[in-house]
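*Asks:* Chains V and G are the protein sequences, given in the same order. Sequential numbering of the first sequence, starting at 6, is according to this note's numbering. Sequential numbering of the second sequence, starting at 12, is according to this note's numbering. Ideal placement from N, C-alpha and C gives every residue a C-beta, glycine not left out. Keep in mind that this is a model prediction, so the values were computed, not measured.
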Amino acid sequence: NAGVTQTPKFRILKIGQSMTLQCTQDMNHNYMYWYRQDPGMGLKLIYYSVGAGITDKGEVPNGYNVSRSTTEDFPLRLELAAPSQTSVYFCASSYDSLGEKLFFGSGTQLSVL
Amino acid sequence: KNQVEQSPQSLIILEGKNCTLQCNYTVSPFSNLRWYKQDTGRGPVSLTIMTFSENTKSNGRYTATLDADTKQSSLHITASQLSDSASYICVVRLNNDMRFGAGTRLTVKP
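#1: Thinking C-alpha only, which one of V/TYR100, V/GLN90, V/MET46 is nearest V/GLY21?
#2: What residues are listed by DSSP as bridge partners for G/VAL15?
#3: Mind listing the chain G neighbours of V/GLY47? Cutoff is C-beta to C-beta under 8 angstroms, in chain order.
#4: Considering only residues of the same chain and omitting the five flanking positions on each side of G/HIS87, which have a CB-CB separation below 6 angstroms?
#5: List the whole-angstrom C-beta distance separating V/SER99 from V/HIS34, where the pair is believed to meet the contact cut-off of C-beta under 8 angstroms.
#6: How would you list, in chain order, the residues of chain G whose beta-carbon sits under 7 angstroms from the beta-carbon of V/PHE95?
#7: If I follow the unbroken beta strand (DSSP E) through G/HIS23, where does it start and stop?
#8: Taking the straight line between their C-alpha atoms, what separation do you get for V/ILE17 and V/GLU105?
#9: Could you check whether the Cβ of V/CYS96 sits closer than 7 angstroms to any heavy atom belonging to the ligand SAH?
#10: Can you give the Cα-Cα distance for G/GLN33 and G/ALA113, rounded to whole angstroms?
#11: Pick helix, strand or coil for G/ASP11, following the three-state DSSP scheme.
#12: Compare the C-beta of V/SER111 with all C-beta atoms of chain G and state if any pair is closer than 8 angstroms.
#13: Between which two residues does the beta strand (DSSP E) holding V/SER54 run?
#14: Could you tell me whether any Cβ in chain V is nearer than 8 angstroms to the Cβ of G/SER64?
#15: So who's on the other strand from V/SER116, going by DSSP bridges?
#16: If you measure from the beta carbon of G/THR69 to each beta carbon in chain V, is any gap under 8 angstroms?
#17: Whole angstroms is fine: what's the gap from G/ILE23's alpha carbon to G/LYS48's?
#18: Name, in chain order, the residues that DSSP records as bridge partners for G/ALA4.
#19: Show which residues of chain G have a CB atom less than 8 angstroms away from the CB atom of V/LYS106.
#20: Can you tell me where the beta strand (DSSP E) with V/ALA97 in it begins and where it stops?
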């Protein structure tokens, strides 16, 4: 079972560049999330989606955008990369409501130099 | 100040030994608390969930406890194995939100 798949695993960006982090899940989960994980900090919610066509901001949305055109896919877009966006990004999904058991992807390690 | 505090930040133990990880939270209203295990380079995986009415729950060598009055939870690992080396993250669910602890980094040495 694939579960939640994230690509790429690693990426180095220059300041001002743009990129999209891909996330897809094959569990037919309604809820999908994007988190960032910084050293010594708890996971911070960037954006989440409760279903196709519906997205909402999390705790740290500035500098990011998302879309949810299908149940399976939830890409995260960085438009103008900044050093503060250097982090490990995790996509996750859950079947029903917020706070249910999360299924995480393997993460994307992003460095902005 | 993080609303979910975990201690210790890191811990090194010898294979076969037991250990206990702590999670204290200040957030409310409490819905449930999960412990996740995160192997290096991987996403977190759920180990166990504790609801308000549960005091203790075991999952193999992992035993979680919850004291909702004092807002404390612990994760006890018995007879540790090398594969237990990971970060352990405590996540508290509120009514419509979640709060993550920073995790405890456990290293089990042979």
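*Replies:* To lay it out plainly:
#1: Closest in C-alpha terms to V/GLY21, from the list V/TYR100, V/GLN90, V/MET46, comes V/GLN90.
#2: G/VAL15 is bridged to G/TYR36.
#3: Listed along chain G are ASN13, VAL15, ILE100, ARG110, PHE111, GLY112, ALA113, GLY114, each with a C-beta nearer than 8 angstroms to that of V/GLY47.
#4: Within the same chain, G/HIS87 has close Cβ partners THR31, THR74.
#5: So it is a contact: roughly 6 angstroms between Cβ atoms.
#6: Near V/PHE95 (Cβ distances below 7 angstroms), the residues of chain G are GLY54.
#7: Here residue 23 of chain G is Ile; the residue named in the question, His, does not match the sequence. Residues 21 to 25.
#8: One C-alpha to the other measures close to 33 angstroms.
#9: Among the components modelled here there is no ligand, and therefore nothing to report on the ligand SAH.
#10: If I take the Cα positions, the gap works out to 12 angstroms.
#11: An answer regarding residue 11 of chain G cannot be provided, because it is not within the stretch 12 to 121 covered by chain G.
#12: V/SER111 counts as touching chain G.
#13: Looking at the DSSP string, the run of the beta strand (DSSP E) that includes V/SER54 is 49 to 56.
#14: By this cut-off, G/SER64 is not an interface position.
#15: Beta-bridge partners assigned by DSSP to V/SER116: V/ILE17.
#16: The identity of residue 69 of chain G in the sequence shown is Ser, whereas the question assumes Thr. For G/SER69, not one C-beta of chain V is nearer than 8 angstroms to its own C-beta.
#17: So the two alpha carbons sit approximately 16 angstroms from each other.
#18: The requested residue 4 of chain G does not occur in the structure, where chain G is confined to residues 12 to 121.
#19: The contacting residues are ARG45, SER57, ILE60.
#20: Segment 92 to 99, the beta strand (DSSP E) holding V/ALA97.
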